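*Asks:*
Residue numbers (my numbering): 1 to 824.
(1) Report the three-state DSSP secondary structure of residue 25 (helix, strand or coil).
(2) Name the two residues that bound the continuous alpha helix (DSSP H) containing residue 826.
(3) Under the three-state reduction of DSSP, which class applies to residue 816: helix, strand or coil?
(4) Would you mind working out which of 305, 801, 217 sits nearest residue 393, comparing C-alpha positions?
(5) Rounded to a whole number of angstroms, what is the C-alpha to C-alpha distance between residue 253 and residue 280?
(6) Below 8 Å on the Cβ atoms is my contact criterion, and I expect residue 194 with residue 151 to pass it. Report the Cβ-Cβ distance as a whole number of Å.
(7) Between 332, 167, 300, 122, which lies nearest to residue 679 when the distance is taken from Cα to Cα?
(8) Taking the C-alpha atoms as reference points, what is the distance between residue 792 and residue 216?
(9) Can you tell me whether residue 440 is helix, strand or coil according to DSSP?
(10) To the nearest angstrom, report how far apart residue 765 and residue 319 are at their CA atoms.
(11) Since residue 451 and residue 483 should fall inside the 8 Å C-beta cutoff, what is the C-beta to C-beta distance between them, to a whole number of angstroms?
(12) Between the Cα of residue 828 and those of 396, 479, 515, 430, spot the shortest distance and give me the residue it belongs to.
(13) Can you tell me the Cα-Cα spacing of residue 653 and residue 639, whole angstroms?
(14) How would you call residue 20, buried or exposed, if buried means at least 16 neighbouring beta carbons within 10 angstroms?
(15) Looking only at C-alpha atoms, which of 629, 577, 369 sits nearest to residue 606?
(16) Using a Cβ-Cβ cutoff of less than 8 Å, which residues in the same chain neighbour residue 241 once the five nearest sequence positions on both sides are dropped?
(17) What does the alpha-carbon distance come out to for the pair residue 87 and residue 72?
(18) Measure the alpha-carbon distance for residue 226 versus residue 209 and round it to whole angstroms.
(19) Just to confirm, are residue 675 and residue 689 a CB contact at a threshold of 8 Å?
(20) Taking the alpha carbon of residue 633 as the reference point, which residue from 641, 625, 649, 657 has its own alpha carbon closest?
(21) Given residue 165, which residues of its chain have a CB within under 8 Å of its CB, disregarding the five upstream and five downstream residues?
(22) With burial defined as no fewer than 16 other Cβ atoms inside 10 Å of the residue's Cβ, what is the status of residue 28: buried or exposed?
(23) Does the region 199 to 206 come close enough to the region 233 to 251 that 3 or more CB-CB pairs lie under 8 Å?
(24) Thinking just about the alpha-carbon of each residue, which of 77, 397, 41 is nearest to the one in residue 360?
(25) Relative to the C-alpha of residue 326, which candidate in 315, 339, 317, 309 has its C-alpha closest?
(26) Determine the contact status of residue 77 and residue 109, defining contact as a CB-CB distance below 8 Å.
(27) Are the CB atoms of residue 420 and residue 436 nearer to each other than 8 Å?
(28) Output the distance between the C-alpha atoms of residue 596 and residue 622, rounded to the nearest integer angstrom.
(29) Whole-angstrom Cβ separation of residue 815 and residue 805, contact assumed at under 8 Å?
(30) Whole angstroms are fine: how far does the CA of residue 802 sit from the CA of residue 294?
(31) What does a CB cutoff of less than 8 Å around residue 324 pick up in its chain, not counting 5 residues either side in sequence?
(32) Using 8 Å as the Cβ pair cut-off and three pairs as the minimum, do the region 165 to 180 and the region 113 to 128 touch?
(33) Which of the three DSSP states, helix, strand or coil, is assigned to residue 753?
(34) Hey, which unbroken runs of the alpha helix (DSSP H) at 4 residues or more fall wholly within the region 235 to 262?
(35) Please classify residue 26: is it buried, with 16 or more other beta-carbons within 10 angstroms of its beta-carbon, or exposed?
(36) In chain order, what are the residue ranges of uninterrupted alpha helix (DSSP H) at least 4 long that sit wholly in the region 668 to 707?
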């Protein structure tokens, strides 16, 4: 048969395909054969036919080298034959091929433990270490094996590897922690603490030694030694960090100091010094940041923000003088604004809420202006302004009031012109009446405007203008007798008796008692109707008699009313006196002097009844008559005292009253409180406070402002020193005040008293920096600076991180050095 190359290639391909197809069958056949041989080997092992077992198991292993069971059976066979090392290898192979099989794992572990005991008995350390490593692969959660691994790595100088191995064990296995009787667990944590210590991780070292202390190893010397080393390292590290932090803090680098303190706390979480230092520096940083915010709020003049920030600073540092002063000032401003607005609670700090309050004010003001209630509108505007003074960001909203202000000003101005015109008419100054009424708009809403204007024009000789206005007025107000009276007189001057009599007659028919009408009406009637002359004469005579009688009657009633009122006042029946005096205003015979007398009597009655507002009104009326009326001035003072009202308007009268009644305690206390609130104390204020103290020597109200004023001006006289002593005696021991008084004592060489006050300041506020210049001054005056240095150093031994004392030592050293340089 001939084979061509193509046929040979086809034949080879068929053979390859056939072999591939037969391969699974071959493998299956081998697997079944290996299982059968393993079974036969196991049977031979159990029946004691070891040679057959060796043969069958070897064949099974050769046919299935990745199958664990023949190795396990071979290990049992070798163990029975006394070949323990080889048996251990077979157990290891079985475990490595099937690590999830508990039987193989347990058998391998038991055999490893036997081998470990043999190695330890023969003191074969190398073999023992290798066996322990194998045990760790079998039981990775066993603390004993992991401890052995860590110890072996440490012995080899591989500390980082040992630490990594220990950390991996702790991360993956934690059940061993619950066995508090395990010495190995305690020893493991002891080794970990030493490893962390060698790496400089004091926090973990301390944590590990604390864990070790939960186990029996705590009773060992090794534990005590490790604990001592860690504590020592902590102390050294913390001391170094605290020193660096202290240097940074003194240098003003608070952020750096904070970072160092945080590192110190991280290294030694239980260090009180580190934690206190960190808390202090955080407070200092927060105070610094808040102080910056306070400066911003001051520039913006936002008193609500100033109050809140200053209060936050005071919560952190009560010795901060600036924030304390601003807090008091801002609180006072807010209380004042609350009083103006009638608010019982503090204002919201949310801008949108405050804007809503202003918007409500604007709506109220618009309604008040629309209803011509300008006083109420003014009150609302002032209320809004009080709020914007606290929060200037709200000021742009006040522009809504500009239109209302303009409208009110315009209306009020016209109203003032009208009142002035009426006053000028009352005194007969008709030229001034004309000038004033010219300034009013023609549509000014006053029904008597044209008639009064016509009257004034007539009186000043402008007959044409007077007639025009009177006729216009009668067209709108037909019953206005004043316009009729003007026209009647104008026609009389034109010799038009008919028209003159007509207008006078109309007046006479509605108001027979119209002033000045009687004679003119008779004259016009005489000219117009001679027949009735006799009747007119009779009427005139009757009217004259009646007028005289009525006038006489009014005079008698006026005298009677005055007598009754005086009698009531003497009998303290003030209400009845007021009723009579108020009723006298209707009496037509009342003169200016009579009205002044009424006002004087009313003032006395109102004061006696405590009606101070009414008393102010009547007293002011008296002053319009006579500006130098002493009784009226004193009455105003009494009224303002009764109202407890001190302002620029009332102050002169209260001071005048103080001169006439110098020992009036309520008056002194009212004036004293007023002057105490002033930013700068005036001479009058000082005199008032001093007089108040004379009457109430132990009252803190006058003592505090006067003492602070004396301290501010540096007063050292006997009176000032007595005031200082009273303040301190009453328990007023604010550090700033005590330091100021101590400075005064030092300047007077009263060193013991100065030192006593300085001790109080330090006891109350050890961080106060302002007391140390006084101490240096006192000791320097006595040439005892070295004694002060000794005191400082003794204090710093107990309180090594007190910044104020550290700075004081530095300043004292500079002073001593300067004196030594001057001496050399």
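Glycine is no exception: its CB is placed at the ideal position from the N, C-alpha and C atoms.
Bear in mind the structure is a predicted one, so any value in this text is a computation, not a measurement.
*Replies:* According to the structure shown:
(1) Bear in mind that a pLDDT of 39 at residue 25, under 50, signals an unreliable position, so the number given afterwards is only what the model happens to contain. Helix.
(2) One cannot answer for residue 826 here, as it falls past the ends of the chain, which runs 1 to 824.
(3) helix
(4) Restricting attention to 305, 801, 217, the CA atom closest to the CA of residue 393 is found in 305.
(5) 14 Å
(6) That belief does not hold up - the Cβ atoms of residue 194 and residue 151 are roughly 11 Å apart, past 8 Å.
(7) Checking every option, the nearest Cα to that of residue 679 belongs to 332.
(8) 48 Å
(9) coil
(10) 7 Å
(11) Their Cβ separation, rounded to whole angstroms, is 4 Å, which keeps residue 451 and residue 483 in contact under 8 Å.
(12) Here the chain has residues from 1 to 824 only, and residue 828 is not among them.
(13) Between residue 653 and residue 639, the C-alpha separation is close to 10 Å.
(14) With a pLDDT of 48 at residue 20, under the threshold of 50, the modelled position of this residue cannot be trusted; read the value that follows with caution. Result: exposed.
(15) 577
(16) 260, 261, 263, 264, 267, 274
(17) 9 Å
(18) 8 Å
(19) yes
(20) 657
(21) 146, 149, 150, 153
(22) Because the pLDDT of residue 28 is 43, which lies under 50, any placement of that residue in the model is unreliable, and the number read from its coordinates should be weighed accordingly. Exposed, because fewer than 16 other Cβ atoms sit within 10 Å of the Cβ of residue 28.
(23) yes
(24) 397
(25) 309
(26) Taking 8 Å as the Cβ cut-off, residue 77 and residue 109 do not qualify as a contacting pair.
(27) yes
(28) Spanning the two alpha carbons is a distance of roughly 6 Å.
(29) A Cβ-Cβ distance of about 15 Å is found for the pair residue 815 and residue 805, leaving them out of contact under the 8 Å criterion.
(30) When rounded, the distance between both Cα atoms is 26 Å.
(31) 310, 314, 318
(32) No, they do not touch.
(33) helix
(34) Taken in chain order, the whole alpha helix (DSSP H) runs of length 4 or more contained in the region 235 to 262 number zero.
(35) The predicted model places residue 26 with a pLDDT of 41, which falls under 50 and marks its position as unreliable; any figure quoted below should be read in that light. It counts as exposed.
(36) Counting only runs of 4 or more, we get 683 to 695.
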